[in-house]
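In the working numbering, the protein residues as written are 27 to 138.
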């Protein structure tokens with residue numbers, strides 16, 4: 027099987043690996059940032075395949091753009107919203123979500 031299905035797949039994998047390593051070393055904040063970047067890579071590729079022009083490399087902006095898609099299934103919308111949610115003052119997510127697992131799920135759900 028060809029590893030490089032789209033040009034940024036290796037970057038996605040690297041971000042996931044960095045997220046896992048950050049979590050293992052107790053740095054959940056960095057793990058969330060890496061997971062968000064990984065999700066942004068996937069969303070950018072998905073939007074490209076849908077014919078949506080997106081030149082902004084920002085994961086946040088790519089995720090926001092995906093939320094504007096009217097026909098976005100509720101399960102995908104929910105995961106994307108988790109990626110965009112702000113942490114509490116004590117640096118915790120206000121929802122029970124594993125952004126690393128959700129970024130990987132998003133890859134499967136959006137790109138197959």
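In this text, a Cβ means the ideal position worked out from N, Cα and C, and glycines have one as well.
Sixteen is the threshold: when 16 or more other Cβ atoms of the shown chains lie within 10 Å of the Cβ of residue 106, as they do, the residue is buried.
Across the set 116, 100, 96, 125, the C-alpha of 125 shows the shortest separation from the C-alpha of residue 110. For residue 64, the enclosing alpha helix (DSSP H) covers residues 54-75. For residue 54, the closest of 79, 118, 130 by C-alpha to C-alpha distance is 118. For residue 56, the CB contacts under 7 Å within the same chain, skipping 5 residues up- and downstream, are 48 in chain order. Only residues of its own chain outside the window of five on either side were considered, and among them 67 have a CB closer than 6 Å to the CB of residue 37, listed in chain order. In this structure, residue 129 lies near residue 65, with their beta-carbon atoms less than 8 Å apart.
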